[in-house]
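*Asks:* In this note's numbering, the protein residues as written are -15 to 348.
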Ligand SMILES: [Zn+2]
């Protein structure tokens, strides 16, 4: 009897806008009517916006917004109804118009886009664009005084000590990685943290398949479970953020917590595999049990009940029920408002500890 080897990670789709004047034609071809709200986790790559694009942006945006209600939440949290024409759009700042341009380029409605808009000479500005299924648009500026987190990052040893992680954190970790890992672990409930303490954390320059957009990977071979972080993935936070624009989190945190979600949903299978290693004569039956729990995770099964047949909150989550769970798990921790908006019943399930119960039920 052989155990399954499970490798699961999250690969974001990137939409590349070589210059803002180009429409993303491939995306337009893909677009279709959506029946459900979703969280748009694409990386909207773009060149820094030059101030000279100011007028042209309003002219390009106006036809796309025609007939749609547009509300802007300014840096003081005040709401303004904006006429979706050129004159109205000029009331918005360049980053807000850039965010609208990027978020609306795909032509799909219903999404939440957390985009870092790069503006020439000004770095990047986190802006959220929310689109209703009916096409209504809300654009949210980062609040005055809100700023990117730039606390001093803990050292590798500091992280290990603080969260009592087993094993090494090998190599020299980039500051962004250390900060993202610290922030990810801080988001976990004690029972969830306890679970990730027992797995191994590792770090590699890049994914073995050469995919540079991959930031992390969960790998389970029998009792041995590893979450890898890839340095190449730290670039993921260049064009997107997660959470609130007032306290934007790195997109790397999304990738890490997604992998923790896999570790969580595979914990029952792993427990059976670990028992098999100590069981001698009974090992075969325990491995078979592990394989069954790996395929049909009790956590994922309970989650699917809460999802009640709806699509995953992100497009990537529709790859499988395991990915759907990992994406919802990640959003619940890194951007709970996004999960509440897209899948309120799933948010309620997590908030009431449904995922912990589904795992805890196995302990006795
Ligand atoms: Zn995954």
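Every residue, glycine too, gets a C-beta built ideally from N, C-alpha and C.
Quick check: what's the CA-CA separation for residue 232 versus residue 238?
*Replies:* When rounded, the distance between both Cα atoms is 12 angstroms.
*Asks:* Tell me which residues share the same chain as residue 58 and place their Cβ nearer than 6 angstroms to its Cβ, disregarding the 5 neighbours each side in the sequence.
*Replies:* So the qualifying residues of the chain are 125.
*Asks:* Report the rounded CA-to-CA distance for residue 152 versus residue 98, giving the unit in angstroms.
*Replies:* If you take the alpha carbons of residue 152 and residue 98, they lie about 33 angstroms apart.
*Asks:* Can you check whether the CB of residue -9 is closer than 8 angstroms to the CB of residue 203?
*Replies:* It is a contact, given that the beta carbons lie within the stated cut-off.
*Asks:* Could you spell out the range, first to last residue, of the beta strand (DSSP E) harbouring residue 205?
*Replies:* 200 to 205 is the span of the beta strand (DSSP E), which, as asked, contains residue 205.
*Asks:* Assuming contact is defined by CB atoms lying nearer than 8 angstroms, are residue 234 and residue 253 in contact in what I supplied?
*Replies:* No, the Cβ-Cβ distance between residue 234 and residue 253 is not below 8 angstroms.
*Asks:* Output the boundary residues of the beta strand (DSSP E) element that contains residue 212.
*Replies:* Its beta strand (DSSP E) spans residues 208 to 214.
*Asks:* Can you have a look at residue 228 and say buried or exposed, based on whether 16 or more other CB atoms are within 10 angstroms of its CB?
*Replies:* So residue 228 counts as buried.
*Asks:* From residue 173 to residue -12, what distance separates their C-alpha atoms?
*Replies:* One C-alpha to the other measures close to 28 angstroms.
*Asks:* Any residue with its Cβ nearer than 6 angstroms to a heavy atom of ligand 1 should be included. What is that list in chain order?
*Replies:* Matched residues: -8, -7, -6, 242, 246, 307 and 310.
*Asks:* What residues in its chain sit with their C-beta under 7 angstroms from that of residue 7, if we drop five residues either side in the sequence?
*Replies:* Caution applies to residue 7, whose pLDDT of 41 falls short of 50 and renders its modelled position unreliable; the value that the coordinates give is listed next. Only 89 meet the Cβ criterion.
*Asks:* Where residue 196 and residue 217 are concerned, what is the direct C-alpha to C-alpha distance, given to the nearest angstrom?
*Replies:* Between residue 196 and residue 217, the C-alpha separation is close to 6 angstroms.
*Asks:* Which of the three DSSP states is assigned to residue 282 in this structure?
*Replies:* It is helical.
*Asks:* Taking the beta strand (DSSP E) that residue -7 belongs to, which residues open and close that run?
*Replies:* -11 to -7 is the extent of the beta strand (DSSP E) around residue -7.
*Asks:* Please state the DSSP three-state secondary structure of residue 128.
*Replies:* Looking at residue 128 - three-state DSSP - the assignment turns out to be coil, as it is neither helix nor strand.
*Asks:* Taking only three categories from DSSP, how would you classify residue 167?
*Replies:* Reduced to three states, the DSSP call for residue 167 is helix.
*Asks:* Output needed for residue 335: all residues of its chain with C-beta closer than 6 angstroms, excluding positions within five of it in sequence on either side, in chain order.
*Replies:* Result list for residue 335: empty, nothing under 6 angstroms.
*Asks:* Return the residue from the list 31, 43, 158 and 65 that minimises the CA-CA distance to residue 236.
*Replies:* Comparing Cα-Cα distances from residue 236 to each of 31, 43, 158 and 65, the minimum goes to 158.
*Asks:* Does DSSP put residue 197 in a helix, a strand or coil?
*Replies:* Three-state DSSP puts residue 197 in coil, outside helix and strand.
*Asks:* Do residue 68 and residue 50 come within 8 angstroms of each other at the CB atom, strictly closer than that value?
*Replies:* Yes; because the gap between Cβ atoms is below 8 angstroms, this pair is in contact.
*Asks:* State the DSSP-derived secondary structure class of residue 24, mapped to helix, strand or coil.
*Replies:* In the structure shown, residue 24 sits in a strand (DSSP, three-state: E or B).
*Asks:* At the level of alpha carbons, what is the spacing between residue 214 and residue 107?
*Replies:* Computed Cα separation, rounded: 24 angstroms.
*Asks:* Determine the direct distance from the alpha carbon of residue 339 to that of residue 175, and round the result to whole angstroms.
*Replies:* If you take the alpha carbons of residue 175 and residue 339, they lie about 11 angstroms apart.
*Asks:* Just how far apart, CA to CA, sit residue 56 and residue 109?
*Replies:* Whole-angstrom Cα-Cα distance: 15 angstroms.
*Asks:* Would you give the residue range spanned by the alpha helix (DSSP H) that residue 81 belongs to?
*Replies:* Segment 78 to 88, the alpha helix (DSSP H) holding residue 81.
*Asks:* What are the residues that DSSP puts in a beta bridge with residue 99?
*Replies:* Per DSSP, 111 and 224.
*Asks:* CA-CA distance, residue 62 and residue 128?
*Replies:* Looking at the two C-alpha atoms, the distance is approximately 11 angstroms.
*Asks:* Using a threshold of 8 angstroms, state whether the C-beta atoms of residue 100 and residue 222 are closer than that.
*Replies:* Their beta carbons are under 8 angstroms apart, which means residue 100 touches residue 222 by this criterion.
*Asks:* I'd like the span of the beta strand (DSSP E) that includes residue 187, first residue to last.
*Replies:* 184 to 188 is the extent of the beta strand (DSSP E) around residue 187.
*Asks:* What three-state label does DSSP hand residue 339 in the structure shown?
*Replies:* Helix at residue 339.
*Asks:* Just to confirm, is the Cβ distance from residue 325 to residue 21 under 8 angstroms?
*Replies:* Taking 8 angstroms as the Cβ cut-off, residue 325 and residue 21 qualify as a contacting pair.
*Asks:* What residues in its chain sit with their C-beta under 7 angstroms from that of residue 329, if we drop five residues either side in the sequence?
*Replies:* Correct list, in chain order: 290 and 292.
*Asks:* Between residue 282 and chain D, is the shortest Cβ-Cβ distance under 8 angstroms, so that the two count as touching?
*Replies:* In the displayed structure, chain D is absent; only one protein chain is listed.
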